[in-house]
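Presented below is the structure to which this report refers.
2 protein chains.
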Amino acid sequence: MTITIKDIAQKAGVSFSTVSKALRNSPLVQDTTKRKILTIAEEMGYQPNIAARRLVSKKSWAVGVVWPSVERATPSILITLINEELEKHDYTTLLSMNKIDSAIEVFTRFQTDAILIFYDRDSSFIEQMPYQTNIPILYYGMSGQTPYPTIDVGRGEAIRLAVEHLARLGHQRIAYLGEPSYIDQLQQEKIGAYMDEMDSRNMDKTVVPIHSMESHDGYIAAIQVLQSERRPTAIISGSYDLTRGILRAAAELKLDVPKQLSVVSYDHIPQMAELELPITSVGVDVKRIAGVIAEKLVQLTANQSESPGDVIRLRPELVQRASTSAPNVF
Amino acid sequence: MTITIKDIAQKAGVSFSTVSKALRNSPLVQDTTKRKILTIAEEMGYQPNIAARRLVSKKSWAVGVVWPSVERATPSILITLINEELEKHDYTTLLSMNKIDSAIEVFTRFQTDAILIFYDRDSSFIEQMPYQTNIPILYYGMSGQTPYPTIDVGRGEAIRLAVEHLARLGHQRIAYLGEPSYIDQLQQEKIGAYMDEMDSRNMDKTVVPIHSMESHDGYIAAIQVLQSERRPTAIISGSYDLTRGILRAAAELKLDVPKQLSVVSYDHIPQMAELELPITSVGVDVKRIAGVIAEKLVQLTANQSESPGDVIRLRPELVQRASTSAPNVF
DNA sequence: AATTTTAATAACAACGTTGTTAATTTGATT
DNA sequence: AATCAAATTAACAACGTTGTTATTAAAATT
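Residue numbers (the numbering used here), protein chains in the order written: chain E, 1 to 330; chain R, 1 to 330.
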């Protein structure tokens, strides 16, 4: 049997509304009574019933995260951080692995206070809009795709920073290692920026294509390109996992990083600094992303009808570490 | 503004209790009325409020899954299938990535009808027991660890099957490639079974250790062991990911599978048959695991106080595919 | 046509909580 | 001691739904 505030009220010899107030730390109840009630509640192992609370207060203190592709490891670090961040605001994070539309339906039924949707190459988010829900939605992906508030971390700009950094160091042969997928627009944006930026500098482009984003794909592709005729002096990697593969390949081929090969990686995560060799990386700090997302979500739960389709653009930055230097010219 | 049954009632010109019954397809309301109400509900985009429903009917039709290590890719296939399976029973799956204790608290507050907990090397499940919740818990891991109903897929027995199969084919030098982690009991169980089974046949044991379970780890380890003095004629792989690495290594070393190297892999998943070379594998079919888990969960939601600490043991099986044959003895 | 049975709908209480309003107790002021 | 204000607690309505009971309308029986 579940313990309710009525049980506590009976034991404490007060009315249940007093218990409710005491538990919510209302100033309307005396300190001594409050303490007494609190101890009794603790003793009895009371857990508030969200359903009842939600019903009257219109708040569930939960945020739903739509995550159709649990398999993909990439955003898991981000999700973990968002979860932590939301906890600070007293929000609970619930994940659904259903397709976007049915996940939204679930969260609508459960009346979460906000919904976060990740860009997903496999779920045609846009086609199904607008969704039938009155819960505020936040979209993490590219701007201009949806009428919902969006957080865009400027993947293109990040890659531009990488090219610029390497060019400034004097590199001429800069390769990009990543997935040239025509379905994944996030990858497209990065490669597009690489192309653009290289063109504008009149430098030869080399895109080393991979089929999947696992570390081993990076390894294979790197082995190949690093053994080619005109080996690049620098590689821009599309992600952390790929970078790990590239480093392994370089080590195996006895190429010194950064003396013989500079490496810049997309993804601004702490792990970049903890590799055998700390890696120069570009992107928005994942902690910052998580912070901004959490904050925006909390904000959305509050103001019902503010800033409908606005876009928050986060400026990526380059963090120089040990993996880049001027090319070894001889 | 959310649409409630009262809104529908007004529009349909009936009482709200009739609407409630109509929506639940009760025989107590006339067919014509029922149809009318159903169309209006559809038109208005009605979504039932779970909180209210839960409050009165004591059912949320949701199952909470505790999944602290979202990063780990392994069980994601399983979770996806469980989700599908539960949907057939009209249940919604909610994931929480919090630590076990706080995830349980969340699900208790949300009053899910059952909780599923995965073995997790990082969360000390046992230490914190018993948990303060009245929601039935199902544990997916090793039997004998908890007082909760447990589903055990006999990882040890699976590996024994693999050894037996290879031995019967005439292999003498059978290596095991996997993680000999002293924290991960699931891996321990597999390696332990390998040791045992090899000992009882008086065969030399070779455990090829890896540090992580990614495909690249399998690749590296396989390259190493396959170039060693007394190369094994067969490898038992601890997981699907590792197996992929092993196959790449074999291809690279121009070793023919199965003529020069037999491979048996743990994990009974469809992907095993879809690799370049279909792989002989051991384990319980992941679909069956999902089915059994879902069924047990549904059952737990029904009978409050039945079969408290029982264990469901699933018998693993060996599916012979193209990756195993008698060793090439010359 | 009057009565009984059945079908269909309406009314109402509950679920556990919060917020508002009403009642009581306590303390201060005369 | 009587009155008023403040502090504290109790009572009650509401949230959206379900299940039970009461009411009404229609059909069947006499």
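We treat Cβ as the ideally placed atom computed from N, Cα and C, and that holds for glycine.
Check: Hey, F107 (chain R) and I135 (chain R): beta-carbon distance below 8 Å or not?
Finding: yes
Margin query: Can you tell me where the alpha helix (DSSP H) holding A114 (chain E) begins and where it ends?
Written below: Not the alpha helix (DSSP H): A114 (chain E) falls in the beta strand (DSSP E), residues 114-118.
Note to self: Quick check on the burial criterion: 16 or more other C-beta atoms within 10 angstroms. Buried or exposed for K58 (chain E)?
What the structure shows: exposed
Note to self: Is V106 (chain R) close to chain E? Criterion is C-beta to C-beta, closer than 8 Å.
What the structure shows: yes
Check: What are the residues that DSSP puts in a beta bridge with D152 (chain E)?
Finding: E:R313
Item checked: For D90 (chain E), the nearest candidate out of E:L314, E:E295, E:N328 (CA to CA) -> E:E295
Item checked: Cα-Cα separation, D7 (chain R) to H268 (chain R) -> 51 Å
Check: Going along the chain, which residues of its own chain have a beta-carbon closer than 8 Å to the beta-carbon of R315 (chain R), five neighbours each way excluded?
Finding: G154, E157, V284
Next item on the list: Kindly indicate which three-state DSSP category P209 (chain R) falls into: helix, strand or coil?
Entry: strand
Check: With contact counted as at least three CB pairs below 8 Å, one residue from each stretch, are the segment 97-114 of chain R and the segment 42-58 of chain E in contact?
Finding: yes
Notebook entry, point to check: On the premise that L177 (chain R) lies in contact with S237 (chain R), defined as a C-beta separation below 8 Å, what is that separation, rounded to the nearest angstrom?
Noted result: 5 Å
Check: What do you reckon, are the CB atoms on L226 (chain E) and L255 (chain E) nearer than 8 Å?
Finding: yes
Notebook entry, point to check: What residues of chain R sit near A52 (chain E), judged by a beta carbon separation below 8 Å?
Noted result: A51, L55
Next item on the list: For P270 (chain R), go through chain E and note every residue whose CB falls closer than 9 Å to its CB, in chain order.
Entry: Residues of chain E passing the Cβ test: none, with the nearest at roughly 14 Å.
Notebook entry, point to check: Counting along the chain, where does the beta strand (DSSP E) carrying T280 (chain R) start and finish?
Noted result: 280-285
Next item on the list: Using a Cβ cut-off of 8 Å (strictly closer), state whether N134 (chain R) contacts chain E.
Entry: yes
Notebook entry, point to check: So, do the segment 195-210 of chain R and the segment 191-201 of chain E have three or more beta carbon pairs nearer to each other than 8 Å?
Noted result: no
Notebook entry, point to check: From which residue to which residue does the beta strand (DSSP E) around S143 (chain R) run?
Noted result: Neither: S143 (chain R) is in no beta strand (DSSP E) and is coded neither H nor E.
Check: So what does T93 (chain R) bridge to, in DSSP terms?
Finding: R:V63
Check: Who are the neighbours of P48 (chain R) on chain E, taking C-beta pairs under 9 Å?
Finding: R109
Next item on the list: Check each candidate in E:I246, E:P270, E:D120, E:Y240 and name the one with the smallest Cα separation from Q224 (chain E).
Entry: E:I246
Next item on the list: Could you pull out every residue in the same chain whose Cβ sits closer than 8 Å to the Cβ of P180 (chain E), ignoring the five residues on either side in sequence?
Entry: Q187, Q188, I191, V207, P209
Next item on the list: Taking E276 (chain R) as the query, report the chain E residues whose CB atoms sit under 8 Å from its CB, ordered along the chain.
Entry: Near E276 (chain R) there are no residues of chain E at all, since even the closest Cβ is about 13 Å away, more than 8 Å.
Notebook entry, point to check: If you run the structure through DSSP and keep just helix, strand and coil, what is Y194 (chain R)?
Noted result: helix
Note to self: For R230 (chain R) and Y194 (chain R), I'd like the C-alpha separation in whole angstroms.
What the structure shows: 19 Å
Notebook entry, point to check: Which first and last residues belong to the beta strand (DSSP E) in which D267 (chain R) is found?
Noted result: 262-268
Notebook entry, point to check: How would you label H211 (chain R), buried or exposed, when you count the other beta carbons within 10 angstroms and need 16 or more for buried?
Noted result: exposed
Next item on the list: Count the other CB atoms, across all protein chains shown, that sit within 10 Å of the CB of S215 (chain E); report buried if there are 16 or more and exposed otherwise.
Entry: buried
Check: Going along the chain, which residues of the segment 197-224 of chain E sit with their C-beta nearer than 7 Å to a C-beta in chain R?
Finding: E214, S215, H216, Y219
Next item on the list: Determine the closest residue to T33 (chain E) out of E:E43, E:Y46, E:Q260, E:A12, with distance taken between C-alpha atoms.
Entry: E:A12
Note to self: Please identify the residue among R:E85, R:V66, R:M272, R:H171 whose C-alpha is closest to the C-alpha of A326 (chain R).
What the structure shows: R:H171
Item checked: Spatial neighbours of M44 (chain R) in its chain, beta-carbon cut-off 6 Å, leaving aside the 5 residues before and after -> I3
Notebook entry, point to check: Between D310 (chain R) and the rest of its own chain, which residues show a CB-CB distance below 6 Å, the 5 nearest in sequence each way excluded?
Noted result: P149
Item checked: Which listed residue (R:P130, R:R168, R:S143) has its alpha carbon closest to that of Q320 (chain R) -> R:R168
Margin query: As a quick exercise: from E:I235, E:K287, E:L161, E:E84, pick the residue whose alpha carbon is nearest that of R173 (chain E).
Written below: E:I235
Checklist line | With 16 other Cβ atoms within 10 Å as the buried cut-off, status of P130 (chain R) | finding: exposed
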